[in-house]
Amino acid sequence: MADLLKLASSQAREIILDSLGRLVSLGKAPAEPLPDFIIEIPTDKSHGDFAANAAMVMAKAFRLAPRKIAELICEEAVLDGTYFERMEIAGPGFINFFLSKKWFSAVADTVICEGDGYGRTKTGAGKRVLVEFVSANPTGPMHIGNARGGAIGDGLAEILDWAGYSVEREFYVNDAGNQIEKFGKSLDLRYMQLCSKDGLAVMAKSGNETDKICEAIYNDSETFPMPEDVYLGMDIIAHAHNFFMENGAGLSKQPEEERRKQLVAYALPKNIDGLEKDLGKYRITYDTWFRESTLHNDGSVKKIVEMLTERGYTYEKEGAIWFKSSELGDEKDRVLVRANGIPTYFVPDIAYHYNKLVTRGFDKAIDIFGADHHGYIPRMKAALTALGVDADRLDIVIMQMVNLVKDGEKYKLSKRSGKAITLSTLLDEIPIDAARFFFNYREPNSHFDFDLDLAVEKSSQNPVFYVQYAHARICSLITALRVSGYDVESYNAEELDILDKPQEIELIRHLASLPEVIDSAAKTYDPSKITKYAVELATLFHKFYDACSVKNAETEELKKARLVLCRAVLQALRNTLSILKIDKPEKM
RNA sequence: GCGCCUUUAACUCAGCUGGAUAGAGUAACUGCCUUCUAAGCAGUAAGCCAUUGGUUCGAGUCCAAUAAGGCGCGCCA
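Taking our numbering as reference, the numbering of the first sequence is continuous, increasing by one, and the terminal residue is 1236.
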């Protein structure tokens, strides 16, 4: 788990600090505490591998020109025993560091030795994190927004795992509350329509084919009217029809409440199975499917209201129980229990987060939210604070809405009309690899247009192919050389000392940054850093491939050295693709 | 009206805690396969970093205001 980039960077810092220490004892530098400086990686590689702005920030303290200070620092600097071969003063007073060959071979060596684990860090060691994502309503199929949330959540969970956290993935099943009522009502209305004279006629005419019946009823809102606040999607009609086929019209003679109960009991498990299946196809598997109903059944929901009341954070108004969230940073107070005695969605959700952080004791809970729920965050944090839980242990990743673009036109996503494009439809149309890659190619917080035409296209326009192509190229290259008698695995990284082409050096430098990229992605909750890393690695490889022939290298030593480099690149590429759960084709 | 997000090349976006001449990909144009996969590479062209002001050695990056767009502001979830 060596991070050679970080190591080199801290060496550069130490070199300067050492030098400053000597300058102070020589009386050439002021003794008072000096301002902190930064070691950065210059964009222009002629400025070295690392650059320090120490001389510039210390100009005031020294009462000298930055370049003069830089000269003093360089005079006293000792590079022995470090990965650096020289230092330079440049520009307004930057101190630039240049790495030695030793470092480059150490990088390749590390990648190959750590193998499938290269890139893993211990940043999150000992911390348990729960990532909750998608959590789509089980009342219907998933839409495009869930597709983005799924890719981001799963990617993020994997990244956190690589950063050393102990990670669990969870789906929160809203199998209680108002939307289940609505679900039951919708199912019942459709069922009763099917049992009616008109419904029986449609079924007879359509030869009992569910698809045809759904379409006929869905499109004939005059004969089969539906009220405002129900689910209109065809999936509801399909459930009702399937139930009818299995159980007949007998249920229609039962009281409404009983009908709804039975219909929900029939359709809900089917929907949840469907969610699990679709997500499985999307390569997402959860550690837990957490049911909201368990929080109602074990009294947690009730207990939350009691706890908040005990702590003095509730009051009654107009027959309802309110939470004083405005005292804790929310813009207004919120209703906990309605005047009719039924708790709002908020209460079980507080109970759920309390369960994550207190009952199950996760150090962190991470939720992936659509931007349309961002206003919900302050009240949830307020609730945790009121319960004595550190609200910073809950992190919410906001992801902006997705626009679907087809033929240059924007689709509006509408759940209510039942016409939204579902996740399973999307996955039928585009490769899973492309979907997972695309949704992780932008920061969660960016508004982004998903171009259906582009994702379907199997061409160079599609970055996922570009990356996979690099992988396939290396595979066949290595195979070819192995066939011609090269014992690829036996060469060690010391041979890399002879590499000096810029394409080779750039490639190695980028290899070294993987651990840091993973840490950074974990810290900022941004999986797009990984896809971008993969694309950059592929780019550098393609450039190297073009400029430096392995097979026809000038010398045998060079050939072996490049072969080792290819192995290292292949390894890093494989690891990033593993994180993203994207196929690693050996041939294309 | 209030809050959150966004605004960088024709299009889609990078730009790490402020640093040296603002970068990719796509689209456009020009080259490169008798030699490891041309799903590739090299090159050309393309920019008032939305606008204005402020902070300092130094601002695409930080602060404020303005403008445009997205999303919220229920005893819905």
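Positions of the beta carbon are idealized from the N, C-alpha and C atoms, including for glycine.
Source: prediction; values computed, not measured.
What does a CB cutoff of less than 7 Å around Ala1201 pick up in its chain, not counting 5 residues either side in sequence? Hits under 7 Å: Lys1207, Arg1210.
Going along the chain, which residues of its own chain have a beta-carbon closer than 6 Å to the beta-carbon of Ala888, five neighbours each way excluded? Closer than 6 Å at the Cβ level, and outside the excluded window around Ala888, lie Leu835, Arg838, Tyr839, Leu842.
Using the Cα positions of Ala1128 and Asp1076, report the straight-line distance between them to the nearest angstrom. 36 Å
Span of the beta strand (DSSP E), counted from its first residue to its last, around Gly1018: Looking at the DSSP string, the run of the beta strand (DSSP E) that includes Gly1018 is 1012-1018.
Within the continuous alpha helix (DSSP H) that includes Ser748, where are the two ends? The continuous stretches of alpha helix (DSSP H) do not include Ser748, and DSSP gives it neither H nor E.
Top-ranked residue by Cα proximity to Ser748, from Asp757, Ile760, Glu733: Glu733
Local conformation of Asn1003 per DSSP, three classes: Here Asn1003 sits in helix by DSSP.
Report all residues from its chain with a CB closer than 6 Å to the CB of Gly1066; omit the five preceding and five following residues, and keep chain order. Because Gly1066 carries a pLDDT of 46, less than 50, the predicted location of this residue cannot be relied on, and no value is offered for it.
Under 9 Å between C-beta atoms of Pro740 and Met704: Taking the C-beta atoms as reference points, Met704 is found nearer than 9 Å to Pro740.
Starting from Val1050, follow its DSSP beta bridges and name the residues at the other end. Beta-bridge partners assigned by DSSP to Val1050: Phe1096.
Let me confirm a value: Glu1137 is counted as buried when at least 16 other C-beta atoms fall within 10 Å, else exposed. Which label applies? exposed
Only counting runs of 3 or more residues, tell me where the beta strand (DSSP E) segments fall wholly within the segment 886-910, in order along the chain. none
Do you know offhand how far Pro903's Cα is from Leu808's? Rounded to the nearest angstrom, the two C-alpha atoms are 51 Å apart.
Within the segment 766-823, note down every full beta strand (DSSP E) run reaching 3 residues or more, in order along the chain. List check, beta strand (DSSP E) in window: 776-780, 814-821.
Does the Cβ of Thr1197 have 16 or more other Cβ atoms within 10 Å, making it buried, or fewer, making it exposed? Looking at the sequence shown, residue 1197 is not Thr but Ser. By the 10 Å Cβ count, Ser1197 comes out exposed.
So Leu1147 packs on Leu1213, CB below 8 Å; how close in whole Å? Between the beta-carbon of Leu1147 and that of Leu1213 there is about 7 Å, and that keeps the pair under the 8 Å contact cut.
Among the residues of its own chain, which have a CB less than 6 Å from the CB of Ile1014, if the five just before and after it don't count? Val779, Asp1043
Any idea what DSSP makes of Met735, helix, strand or coil? strand
If I measure Cβ to Cβ from Lys1235 and keep anything under 8 Å in the same chain, skipping five residues before and after, which residues do I get? Ala1120, Cys1123, Ser1124
With a 10 Å radius around its C-beta and 16 neighbouring C-beta atoms as the bar for buried, classify Ile1227 as buried or exposed. buried
Residues in the same chain with beta-carbon distance under 6 Å from Glu1142, minus the five sequence neighbours each way, listed in chain order, please. Excluding residues up to 5 positions away in sequence, Ser753 lie with their Cβ nearer than 6 Å to the Cβ of Glu1142 in the same chain.
DSSP three-state assignment for Ile743, whether helix, strand or coil: Strand.
Per DSSP, which one or two residues make a beta bridge with Glu964? Ile969
Between the alpha carbons of Phe1085 and Ser854, how many angstroms are there, rounded? 42 Å
Roughly how many angstroms lie between the CA atoms of Thr730 and Glu724, to the nearest whole one? In a straight line, the C-alpha of Thr730 is about 15 Å away from that of Glu724.
Return helix, strand or coil for Met991, following the three-state DSSP convention. In the sequence under discussion, the amino acid at residue 991 is Pro, which differs from the Met named in the question. Three-state result, Pro991: strand.
Please report the residue range of the alpha helix (DSSP H) in which Val949 lies. 948-958
Below 9 Å between beta carbons: does that hold for Phe819 and Ile800? Contact: no.
Is the Cβ-Cβ distance between Val985 and Val1037 less than 9 Å? no
Quick check: Gln1116 and Asp1081, are their CB atoms within less than 9 Å of each other? yes
Bridge partners - Val1045, DSSP secondary structure assignment: Ile1016
Could you tell me how far apart the beta carbons of Ala795 and Leu1071 are, in whole angstroms, since I believe they sit closer than 8 Å? 5 Å
For Val864, count neighbouring C-beta atoms within 10 Å of its own C-beta (all shown protein chains included) and say buried if the count is 16 or more, exposed if not. This sequence places Ala at residue 864; Val is not what is there. Note on Ala864: 16 or more other CB atoms within 10 angstroms of its CB, so buried under the neighbour-count rule.
Can you give me the Cβ contacts of Ile687 inside the same chain, cut-off strictly under 7 Å, excluding the 5 residues immediately before and after it? Ser657, Ala660, Arg661, Phe698, Ala700
Just mark Lys980 as buried or exposed, buried being the case when its beta carbon has 16 or more other beta carbons within 10 Å. The C-beta of Lys980 has fewer than 16 other C-beta atoms within 10 Å across all chains shown, which makes the residue exposed.
On a CA-only basis, which of Glu857, Ile1078, Ser814, Gly765 is nearest Asp935? Give me that one, please. The shortest Cα separation from Asp935 among Glu857, Ile1078, Ser814, Gly765 belongs to Ser814.
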